[in-house]
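To keep things clear, I will list the structure first and then write my remarks on it.
There are 2 protein chains.
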Amino acid sequence: MVPYIDDMPRFTHPRLEDVPLDLALHALADSNRLTMVARLAATERLSCTDAAPCDAIPKSTLSNHLKLLRAAGLIETTQAGREMINTLRRAEFDRRFPGLLDAVLANRSA
Amino acid sequence: MVPYIDDMPRFTHPRLEDVPLDLALHALADSNRLTMVARLAATERLSCTDAAPCDAIPKSTLSNHLKLLRAAGLIETTQAGREMINTLRRAEFDRRFPGLLDAVLANRSA
DNA sequence: TTTAATAGTTCGGCATTATTGAACTATCGA
DNA sequence: TCGATAGTTCAATAATGCCGAACTATTAAA
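Protein chains in written order, with numbering that gives the first Met the number 0: chain W, 0 to 109; chain C, 0 to 109.
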């Protein structure tokens, strides 16, 4: 009934200090999610479908991957119209786990 | 019947170039395995029980964790008497995934 | 202002993966 | 040879992951 205010995040995002290392690694330990993170690292703001690693992946699976990335403190999602806009929480993540994301991204598909 | 020759590895170890990044990350994405890897990074050669993160963990679980680390190219296991000796495949892993293990270990329990 | 289309989320069932007790194998020491 | 040690393997249960189907919210068109 009450409509969403545009900037009001519909999702809960953890504080980075509450994210354990193994959770962060788990979120990155999947080639589809890795691709999504790499895209977000390159593109700043992406809707869920645009962040998808390919179009073969079902919507529900995609939604689940993004939920996991959110829980790991890797992305922030806010609603804008009917799209959900995702951005990498790069600075915060790097502050929490210095050098980790760089190392992972540098080794992607190597 | 045929006894094990001491230096003959009883286990199969992958070539590092055959280990995909997500498998390596998956192996590291567990706090027990992270502890084991950190111990091996500090101690060079450890039996399975000595590599264990704590003594509460069942033998079969421990064995399974080590199998996973082996499959990810992180450790090498050889038999010596009735013990299995585990060592980190540090140089090889670093050559395959430069900076990754360093970044992970540096961020452990931070 | 219905109606339809779009962009997702959530739910529930099936499949895969993890954990662990129990039984087994191999080696060493007495 | 007997017992203890250091593991592995197996099988059953528990926990996770994947995805189709149904649902919600927003926008656009009629």
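The C-beta atom is built at its ideal place from N, Cα and C for all residues, glycine as well.
Practice task
Report the neighbours of residue 17 (chain C) on chain W: residues whose CB is nearer than 9 Å to its CB, in chain order.
Solution key: Correct list: empty, because the minimum Cβ distance to chain W is about 13 Å.
Exercise for the section: With DSSP as the reference, label residue 91 (chain W) as helix, strand or coil. Expected result: Residue 91 (chain W) falls in the helix class under three-state DSSP.
Practice task
Taking the CB atoms as reference points, tell me whether residue 91 (chain C) and residue 15 (chain C) lie closer together than 7 Å.
Solution key: Yes; because the gap between Cβ atoms is below 7 Å, this pair is in contact.
Exercise for the section: Give the secondary structure of residue 62 (chain W) by DSSP, where H, G and I count as helix, E and B as strand, and everything else as coil. Expected result: If DSSP states are grouped into helix, strand and coil, residue 62 (chain W) belongs with the helices.
Practice task
Please confirm if residue 24 (chain C) has its CB atom under 7 Å from at least one CB of chain W.
Solution key: So, interface residue.
Problem - Closer than 9 Å at the beta carbon, the chain W residues around residue 36 (chain C) - result: Going along chain W, no residue has its Cβ under 9 Å from residue 36 (chain C), so there is no contact; the nearest lies around 11 Å.
Handout entry: Bounding residues of the beta strand (DSSP E) (the contiguous stretch that carries residue 45 (chain C))
Key = Unbroken beta strand (DSSP E) run through residue 45 (chain C): 44–46.
Problem - Helix, strand or coil at residue 55 (chain W) according to DSSP, with G and I counted as helix - result: The answer is coil: DSSP assigns residue 55 (chain W) none of H, G, I, E or B.
Exercise for the section: For the segment 44–62 of chain W, enumerate the residues whose C-beta is nearer than 7 Å to any C-beta of chain C, in chain order. Expected result: Listed by position, the residues of the segment 44–62 of chain W near chain C (Cβ gap below 7 Å) amount to none.
Exercise for the section: Quick one: list the residues of chain W neighbouring residue 98 (chain C), beta-carbon separation under 8 Å, in chain order. Expected result: Using a Cβ-Cβ cut-off of 8 Å, residue 98 (chain C) is close to 98, 101, 102, 105 and 106 of chain W, given in chain order.
Handout entry: Where the alpha helix (DSSP H) containing residue 71 (chain C) begins and where it ends
Key = That residue, residue 71 (chain C), is in no alpha helix (DSSP H); it is neither H nor E in DSSP.
Practice task
Check whether the Cβ of residue 28 (chain W) lies closer than 7 Å to any Cβ atom in chain C.
Solution key: So, interface residue.
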